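Counting along the first sequence from 1, when you hit position 371 you're at 380 in the working numbering, and nothing is skipped either side. Ideal placement from N, C-alpha and C gives every residue a C-beta, glycine not left out. Computed from a predicted model, the values in this text were never measured in an experiment. Report on one structure; see the data block that follows.
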Amino acid sequence: MCGEWTSQRYTAMSDTNHPLLANLNDAQREAVLHTGSPLLILAGAGSGKTRVITTRIAWALETLGTRPQSVAAVTFTNKAAREMEERITSMTDKALGVTVRTFHSFCALLLRMYGSACGINTSFLIYDETDAMTLLKNLLKQQYAKNEIKQLFEDIMRAKDLCIAPDGDVERINRNPAFAEIYRQYEERLAATGNLDFGDLIMKTVFLLREHSDVRAAVQMRFSTILVDEYQDSNAAQFILLKELYGPGTSLSVVGDDDQSIYSFRGAEISNILTFHESFPNTRVIRLEQNYRSTGRILAAASAVVSHNQGRLGKTLLSTRGEGNKISLRFVKDNETEALQCAKLYDENPDMETAIIYRVNSQSRSFEEVFTRFSIPFLLVGALRFYERAEVKDAIALLSLFVNPKDEIAFRRIINTPVRGIGEKTLASILEYLPEAKGDVLESLRLSLDSLSKRARSGAQVFLALYQDLAGQMDLTTTSMFIHEAMFKSGLYDFYRGQDKAEGTAKYQNLEELVSAAQAFPGGKDALATFLEGTTLRAPEYEEPAGKRVMLITAHNTKGLEFDRVIITGCEDGVFPMIRTNMWEEPDREAMEEERRLFYVAMTRAREQLILFSARRRLLFGRWSDSSPSRFLAEIPQETLDIKDNTSKPESMDTRFQRGDRVFHDDFGYGFVVESSIKEGNEAVKVRLDSGRTAVFIPEYTSLMKVEGE
DNA sequence: CAAGATGTAATTTTT
DNA sequence: TTACATCTTG
């Protein structure tokens, strides 16, 4: 499968002494210098792919006379975009004006520039998945059950990933004849709000370029140098987009690694990279197989695992770094022990840069708990995203109405938060005036006033007054001040401050954080719109782990990152690989291969040390469930492993609790330990509670905690 | 209409 | 276990 793509001989090069080319290996240099035809860089993990792509841009700007305005570098994640921009800027002072964006935000840019040609309201806001789902729910909740709606929603999203409009080949996705109609209605409703969903950003851009040759020509002229990072994660729509962007004078280069394709659930198609050379004739393929990141053992283990996949080009990564230590594989009895051992690893070597990687966000909990208990500094990456928190979404909904008064979803969300006596019934009767109000929700509210009950009417009037008041201020102040005023006058500040202490404060602080997030924005409607686009399309930046914070992160989120020490947790079948619980479905080879690639990504993040944890049982939904070791563990060559099994030997004599210990139990409160012994492999602690009662606890199953010096 | 009570479903992964 | 949805009561 890989024979046709053997590395081509590298021919005479221009000035290899140029500082930009210094320290590049032959293949990297070749990739930087290639011109004239599409370029596919197949870059293995840790092979310096970002370095190559950024150097390529810097080289073009410095020596080929490429104008920065003509360069578009497209990535998949904000993190990657941010990093790329930084690196280009540090390489050349000619970088000002280069466009570095995610696919989605690049398309948003194009649609705002040229969208009016195809009737798109160019001051659209972007609905995230929740908003879009709400829209569909409102449309279907009478006729469909919740999980049916969910399925239909996924199908609509998938249609957009495939760039299929309602009048297109929708049978490919859902053969139910009702589907096309539902999809059409959804699009109609969405269009009525004047907003776009994630999928639209790509799909509508494709349609724009496809149907308006003048726009296409202008865009091709404008962005004549296009680079795509993480190309293996592109979906069908993004591939079609590239084809549309690719004109006679376009310099197109893409970088990717088929072994690191981990987004097929979002429509990513590995075939995009596997067949790139067929789609873009005369493609030059360059392979980067020299790994500069990981030790030999880590690389050998990761390569061995991923070699079990069938659908891949195949490559050999060469280590430049010597063997290194063996990979440590530790079996532990449960997820809490796993977390405790991670804490211990930290204590042994607190200065080593460390990431704790897990498959699903919910796994982070035990680490958060244990690390907090032991005062270990950690950074939790992307668990519940800032802009998806309820209070922040409320705030954003309110603000959205000032940019787009047709935003029905935002209106529904904020009209009765804080409570204004407008419930579901009232809301429905207000929205009946929507057609008459030409979609403007505030106008519709105004028109409905006379028909409302007294209580609802006064609430509505308060809201209208608030809106007018704030709208009058919009151009007079900065975005940040405007948001502050809006939070204050709408009562959102008080509403969230008033809630029960701890959580209320956190929510209030999040609102304040939103205010400071807008700091750099001047003021007025356009600035607010730009700020709001950022809230859906851009994750807020977290400070880099200043110093020695352990990073808690999902495997997906680690893409493009590297750490001295990597700890992969939950190496159990069902967890990693994650296996869908549908017993009746046949085991899905492709899904399993994607899990394996994800595991490969996680493994190859490690520079020095790789540690794998596999727990015998794990607390899921508040129930203990037994698990068996991940099948991927068996694919790692034995000679690279150092296995510690702490589960078979009884943790015998050393009981955690001793007579006289002060303890606390979640349900029963404080008490003193009377005695502690091992019974049937578990520690049994007899406690005399302060209430006077005596009870025996198995700390294994209950939350008995030692309380220090009281 | 709001607040409290009760019931139930849920865990992939991200723009 | 928790979060969220739906039902019940004031």
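Check whether Y192 and A154 have beta carbons under 8 Å apart: With respect to A154, Y192 sits apart: the two C-beta atoms are not nearer than 8 Å.
Span of the alpha helix (DSSP H) around Y192: P186 to T202
Identity of the residue in F115, T98, G106 and T64 nearest N87 by Cα: F115
Euclidean distance between Cα positions of A126 and A117: For A126 and A117, the distance between alpha carbons rounds to 14 Å.
W633 - partner residues in DSSP beta bridges: L628
At least three beta-carbon pairs within less than 8 Å, the stretch 569-583 to the stretch 272-280: no
Cβ-Cβ distance between I307 and L501 below 8 Å: Going by C-beta atoms, I307 is not nearer than 8 Å to L501.
Beta-carbon gap between G53 and K324 smaller than 8 Å: yes
Proximal residues to A310 (C-beta, below 8 Å), its chain only, five neighbours per side dropped: I336, M612, L619, I645, P646, T649 and L650
C-alpha gap between F706 and K434, whole angstroms: 52 Å
Outcome for L485 when other beta-carbon atoms lying within 10 angstroms are tallied against a minimum of 16: exposed
Identity of the residue in S222, Y136 and K159 nearest L205 by Cα: Y136
Local conformation of Y442 per DSSP, three classes: coil
Completely contained beta strand (DSSP E) runs for the stretch 196-263, where each covers 3 or more residues: 234-237
Which listed residue (T214, A364, E400 and T656) has its alpha carbon closest to that of R121: T214
Exposure of A437, with buried meaning 16 or more beta-carbon neighbours within 10 Å: exposed
For K653, the residue or residues it bridges with in DSSP: R339
Nearest candidate by alpha-carbon position, reference A201, set T98, F85, K415 and T63: The residue from T98, F85, K415 and T63 with its alpha-carbon nearest to that of A201 is K415.
Bridge-paired residues (DSSP) for S328: N300
Check whether L451 and Y476 have beta carbons under 8 Å apart: Taking 8 Å as the Cβ cut-off, L451 and Y476 qualify as a contacting pair.
Unbroken beta strand (DSSP E) run spanning V471, endpoints: Here V471 belongs to no beta strand (DSSP E); instead the alpha helix (DSSP H) covers K463 to Q482.
Run of the alpha helix (DSSP H) containing K169, from where it starts to where it stops: K155 to D170
Buried versus exposed, by CB contacts within 10 Å (16 or more), D699: exposed
Beta-carbon spacing of S623, S639 below 8 Å: yes
Cut-off 7 Å between Cβ atoms - residues of its own chain near F673, not counting five sequence neighbours on either side: Y679, M714 and V716
Residue burial classification, S383 (beta-carbon count within 10 angstroms, cutoff 16): According to the sequence displayed, residue 383 carries Phe and not Ser. Exposed, by the Cβ-count rule.
Three or more C-beta pairs below 8 Å linking the stretch 344-364 and the stretch 528-547: no
Contact between the stretch 371-391 and the stretch 403-411 (3+ Cβ pairs under 8 Å): no
Cutoff 6 Å; reference R293; Cβ partners in own chain excluding five residues on either side: Non-local C-beta neighbours of R293 in its own chain, meaning closer than 6 Å and more than five positions away in sequence, comprise H43, S46 and L48, ordered along the chain.
Segment contact, 8 Å Cβ cut-off, at least three pairs: the stretch 236-248 with the stretch 273-289: yes
G701 burial status per 10 Å Cβ neighbour count (16 or more: buried): exposed
Other residues of its chain near A483: CB distance less than 8 Å, five sequence neighbours each side excluded: What sits at residue 483 in the sequence shown is Met, not Ala. Answer for M483: F411, F491, G532, G533, K534 and L537, listed in chain order.
Spatial neighbours of S661 in its chain, beta-carbon cut-off 7 Å, leaving aside the 5 residues before and after: With a pLDDT of 47 at S661, under the threshold of 50, the modelled position of this residue cannot be trusted, and the question is left open.
Own chain residues within Cβ distance below 6 Å of R464, not counting five before or after: Correct list, in chain order: G430.
Beta-carbon separation (whole angstroms), V109 vs A90, contact threshold 8 Å: 5 Å
M662 in three-state terms, based on DSSP: Annotation note: pLDDT 47 at M662 (below 50); position unreliable, coordinate value reported separately. If DSSP states are grouped into helix, strand and coil, M662 belongs with coil.
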